[in-house]
Every structure is written in structure tokens, then in C-alpha cells.
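Q:
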Amino acid sequence: MLGDFTYENPCRLHFGPNALDELSGELAKFGPKVLLTYGGGSIKRSGLYQKVIAALEAAGKTVVEVPGVMSNPTADKLREGAKVARENDVDLILAVGGGSTIDYAKGVSVSAWTEGDPWEHLYLNMEQPTGKIIPVGDILTMSGTGSEMNAGSVITNHEEGLKIGHVFGSDVMPRFAIVNPELTFTVPDYQMRAGIFDAFNHIQEQYFSGTDDNTSDYIAEGLMRSLVHASRIAVKDPTNYEARSNISWVCTWALNTLIACGKSTDWEVHMLGQAIGAVTDATHGMTLSTVALPYYRLVMPYGVKKFARFATSVFDVPADGKTDEQLAEAGLAAMSDWMDQIGVVRHASELGLTKENIPAAVRATIILDGGYHKLTTEEVEKIFRQSL
Ligand code: NZQ
Ligand code: ZN
């Protein structure tokens, strides 16, 4: 059953090995001043930076740069970028990188002309931006987050021990995205695996909610099947374009608002993962892979029919007279096997979570109510202990 919803995604996405050819046409739509932002240097090593600069020069743009966006971008870095964007009154923010750089660009977009401290207003208090929103465009170099085509922006504040994501409105979604899966070939193996699990979990977060018959769930199942298949190939053969291109496309569609239509959506695995990220600064996708199964095993009895459907529809577990509970458990076991096949981190202790900092992670966890069961604080702690 689909109730009321509005679906809008203003991002024009160019996909494929020649997608960068479309950059000039996109740049022509914006004013002359561009803030170029990127991460720790991978785009210089790959030669992408030089190509982007050439396109900006050919388009006659004046460019200011904010390099050095770290994984899990910080509130301090956000303040720095907002100041640069405002002082230069830029017309476009061009993000070249992974989810961190693109999240950051969106953060700068809404922060530059918002009065007051952006972390406090836009993330901690989840307020809407009050000033002009600067258009963002992106060139994606690592697939996983879906940030290239959504309105999400996650910022970490180490002083406060918090990592908070704010999903802004469609006016913050990138105006254009350039996704060339070949650019992902140089992503470090660990990051590729993390990105794959991140996207898989994005789909799960939306799928494991509601008990109705909903088109979004069928789309979600197709996306999960494609990702499971392609990921098994990509971890053995990272330059296999067929697999990497399918992974990139799934990652985009996993979190560009489509499969949330008509769903309440859960997102509790992400809240638990973000809390681990807040206390350890670990790689996002790997934080999720340590808590996902302890969480799903805990909530499965409250949504057993959907977990049984997940088993048969995503992992082809044969029904053969099994009860819903048996099927649901077999589905999570199949998911666990797949996680081992693609090699994601299974123990949060490897990321720096310890018995001593679990209380800080519990404090950093936001408890949501969109899935099959609203966690208690004791259950949050139990999941962290099981994840170690
Ligand atoms: O910084 P550089 O030098 O570019 O290196 C990056 C970084 O070290 C490297 N990398 C990226 N593309 C590369 C490459 N290295 C070689 N070749 C390439 N082509 O990979 C490392 C990780 O990059 P990062 O952008 O941090 O990873 P990811 O895309 O996973 O982004 C993670 C951030 O996104 C947030 C996470 O919380 C985290 O802060 N998320 C954003 C979401 C959204 N906007 O909707 C949703 C997600 O759930 C997630 O929370
Ligand atoms: Zn995620």
C-alpha cells in the first residue's frame, strides 16, 4: 500500500566511462566562481584533478580550492569551508571524491550563508538552512554512500563525541553528478568492501520496515540481488568493469530516495554505526558490518515475515517446509556468509570499540522508531557488547 509521498530528485546524473565529457556542459549552467573541494590527494595521484582543472579553465571559471577533506569530515573543517565559500561568494561547489567530500560540499553549501555556528544549527539541532543554498555538483570516485544523488550530509564532532547526519531538502541535492565506475578501480580494497556493505545496508534500512505489499520492497530486492552477485566478482577481480559498474549503479539507487517511497524506514543500524564512528573515527561501512547482524538478530522476531521474505528473495534460501522463523534465521546466516565472502570487518574491537568506550557509544546513539522494534538503551548496549 502506498500512501502520500512526494518524489523529487533534481540531480542529472551522467554515468559511464565517458561521463566526464559532460562536465563542460554542466559547468556552463553556473556562474563564474567555483569552489573545488576534494580529499587527501587520491585525485591528484589518479590524474583526475588535472582533468577537472583543465575543464574549469576551459569554462573560464575562477577557482578557489578547499582540499584535505578527511574521511568522516569534521565540524572544524566544515567551518573552514563555509568561510571560504562565503568570502568568495561562490556560484557552485564542485566536489571530487567519495561520500566524505560530497557530504562536505553539501554541508558547506548550507552553512556558508546560514548565520551562527553551522554544526550547532544544522547538525546538532537539525535546523533547516536560513541563508542561500549554494548549488553543488559532484564527480564521484568511490561508490557506497549514495551521496552523489541525495541530500544527506554527515559531519563528525570529535570534541562532542558525536557523528550526525542531516538529510536536507531536495534543494540541497547535487544539481549534477558524474559517475564513471572506472574511477573506482583505484579505491583501496578495504574501502571498496566497506562501500559495498554500506550500500547493502542502506537498502536493508529501508526494506526492513512495514508489513504491507509495497513496490519499493521489490525494487530493493532486485538491488540487493545485483549487489550480492556483483560484489562476489569484484572482490576477486576489482577491475571487472561489469561488476564495478553494477555496484556503482546499485550504490546510487540504494540511497537516492526512490526505495524509501511509501516506507517508514528504519536506519537504526546506521545510528549504531555512526555512534561507533563518533568514538573511533572508523570507516563508515565497517562500523555497520559489525553491528548489523547483532541488531537484525535482535529485531527479527518482531518482523519475522519480512526476514523470511529476505531469505528467499535475496539469498535464494529454499523454503522446503521451513517455518518463517527458520527461514528468517537461514537468511541472516546467508547474509553472514556473504559478508565473509566479501571480507568486511565483523568485530568492532578491530575498529577501536572497547568495553571502556561502549558507554560513550551508547550516549552517542540516536534511537529511532521506524523499524520493527524500538531499541531500549539496554539493548543498544547489548548490541555493542555482541559486536566486539
Ligand atoms: O581522500 P582521498 O585521498 O580522496 O581518499 C579517499 C579516502 O581515503 C579514498 N578514495 C576515494 N576514491 C578513491 C580513493 N582512493 C583511491 N582512488 C579513488 N578513486 O577512499 C577513502 C574513503 O573515502 P570517503 O569519501 O571517506 O568514503 P565514503 O564514500 O565511504 O564516505 C564516507 C562518509 O560518508 C558518510 C559516512 O558517514 C562518512 O562520513 N555517509 C554519507 C551518506 C549520505 N550522504 O547519504 C550516507 C552514508 O550512510 C554515510 O553515513
Ligand atoms: Zn551508510
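Residue numbers for the sequence shown follow our numbering, beginning at 2 and rising by one.
Glycine residues also receive a C-beta, built at the ideal position from the N, C-alpha and C atoms.
With DSSP run on the structure shown, which of helix, strand or coil describes Glu66?
A: Looking up residue 66 in the sequence shown gives position 65. The answer is strand: DSSP assigns Glu66 an E or B state.
Q: Is it the case that the Cβ atoms of Pro33 and Glu183 are separated by a distance below 8 Å?
A: Taking the first residue of the sequence shown as position 1, residue 33 is located at position 32. Taking the first residue of the sequence shown as position 1, residue 183 is located at position 182. Their beta carbons are not under 8 Å apart, which means Pro33 does not touch Glu183 by this criterion.
Q: Alpha carbons only, please: which of Ala96, Lys78 and Glu243 is nearest the one belonging to Ile156?
A: Here the question's residue 156 lines up with position 155 in the sequence shown. Measuring from the Cα of Ile156, the nearest candidate turns out to be Lys78.
Q: Taking C-beta to C-beta, are Leu294 and Leu333 nearer than 8 Å?
A: What you label residue 294 is simply residue 293 of the sequence shown in a count that begins at 1. What you label residue 333 is simply residue 332 of the sequence shown in a count that begins at 1. Closer than 8 Å, so yes.
Q: Leu3 and Asn257: beta carbons closer than 8 Å?
A: Counted from its first residue, the sequence shown places residue 3 at position 2. Counted from its first residue, the sequence shown places residue 257 at position 256. Cβ atoms of Leu3 and Asn257: not closer than 8 Å.
Q: Let's see if you can read the secondary structure: which residues bound the alpha helix (DSSP H) around Ile248?
A: On the sequence shown, position 247 is the one that residue 248 refers to. From DSSP, the alpha helix (DSSP H) with Ile248 extends over Tyr242 to Ala255.
Q: Check Phe16 in the structure and name its three-state DSSP category.
A: Along the sequence shown, one-based indexing puts residue 16 at 15. In the structure shown, Phe16 sits in a strand (DSSP, three-state: E or B).
Q: Give the DSSP-derived three-state secondary structure of Thr324 in the structure shown.
A: In the sequence shown, the residue the question calls residue 324 occupies position 323. Thr324 falls in the coil class under three-state DSSP.
Q: Return the CA-CA distance between Ala96 and Glu9, expressed in angstroms with no decimal places.
A: As a position in the sequence shown, residue 96 is number 95, starting the count at 1. As a position in the sequence shown, residue 9 is number 8, starting the count at 1. When rounded, the distance between both Cα atoms is 22 Å.
Q: Within 8 Å, do at least three Cβ pairs link the stretch 300 to 315 to the stretch 211 to 231?
A: yes
Q: Measuring from the CB of Asp199, is there a heavy atom of the ligand ZN at a distance below 7 Å?
A: Locating residue 199 in the sequence shown gives position 198, counting from the first residue. Asp199: yes, Cβ under 7 Å from the ligand ZN.
Q: Any idea which residues DSSP pairs Thr157 with across the strands?
A: To locate residue 157, count along the sequence shown from 1; it is residue 156. Thr75 and Lys164.
Q: Output the distance between the C-alpha atoms of Arg298 and Glu81, rounded to the nearest integer angstrom.
A: Start at 1 with the first residue of the sequence shown, and residue 298 comes out as number 297. Start at 1 with the first residue of the sequence shown, and residue 81 comes out as number 80. Each residue's alpha carbon lies about 42 Å from the other.
Q: Give every residue of the same chain whose Cβ lies closer than 6 Å to the Cβ of Arg176, excluding the five residues on either side of it in the sequence, and list them in chain order.
A: Sequence index remark: in the sequence shown, residue 176 carries index 175 (1-based). Correct list, in chain order: Pro136 and Gly138.
Q: Starting from Asp90 and walking both ways along the beta strand (DSSP E), at which residues does that stretch end?
A: Walking along the sequence shown from the start, residue 90 turns up at place 89. No beta strand (DSSP E) holds Asp90; DSSP gives it neither H nor E.
Q: Sorted by chain position, which residues of the same chain lie with C-beta nearer than 6 Å to Pro68's C-beta, five sequence neighbours on each side aside?
A: In the sequence shown, counting from the first residue as 1, residue 68 sits at position 67. Tyr39.
Q: Please tell me whether Ser217 and Gly153 are closer than 8 Å, where the distance is taken between their beta carbons.
A: Position 216 of the sequence shown, counted from the first residue, corresponds to residue 217. Position 152 of the sequence shown, counted from the first residue, corresponds to residue 153. No, they are not a contact pair.
Q: Evaluate the contact criterion for the stretch 233 to 249 versus the stretch 270 to 288: three or more CB pairs, one atom per stretch, below 8 Å.
A: Under the Cβ criterion (8 Å, minimum of three pairs), the stretch 233 to 249 does not count as touching the stretch 270 to 288.
Q: Which first and last residues belong to the beta strand (DSSP E) in which Asp427 is found?
A: The question about residue 427 has no answer here: the residues shown for the chain are numbered 2 through 389.
Q: Given the structure, does Thr408 come close to the ligand ZN, in the sense that its CB is under 7 Å from one of the ligand's heavy atoms?
A: Only positions 2 to 389 of the chain appear in this structure, which leaves residue 408 out of reach.
Q: Is the distance from the Cβ of Lys107 to the Cβ of Phe198 below 8 Å?
A: The residue labelled residue 107 in the question sits at position 106 within the sequence shown. The residue labelled residue 198 in the question sits at position 197 within the sequence shown. 8 Å or more divides the Cβ of Lys107 from the Cβ of Phe198.
Q: Rounded to whole angstroms, what's the CA-CA distance from Asn247 to Ile103? Just pull it up for me.
A: Your numbering for residue 247 matches position 246 in the sequence shown. Your numbering for residue 103 matches position 102 in the sequence shown. Cα to Cα, Asn247 sits roughly 21 Å from Ile103.
Q: Considering only C-alpha positions, which residue in the set Val229, Lys52, Glu206 and Glu243 is nearest to Leu369?
A: Stepping through the sequence shown from its first residue, residue 369 is reached at position 368. Comparing C-alpha distances from Leu369 to each of Val229, Lys52, Glu206 and Glu243 shows the shortest one belongs to Glu206.
Q: Quick check: what's the CA-CA separation for Arg364 versus Leu163?
A: For the purposes of this step, residue 364 is taken as residue 363 along the sequence shown, with counting starting at 1. For the purposes of this step, residue 163 is taken as residue 162 along the sequence shown, with counting starting at 1. If I take the Cα positions, the gap works out to 9 Å.
Q: Around the C-beta of His348, are 16 or more other C-beta atoms found within 10 angstroms, so that it is buried, or is it exposed?
A: The residue given as residue 348 occupies position 347 in the sequence shown. That one is exposed.
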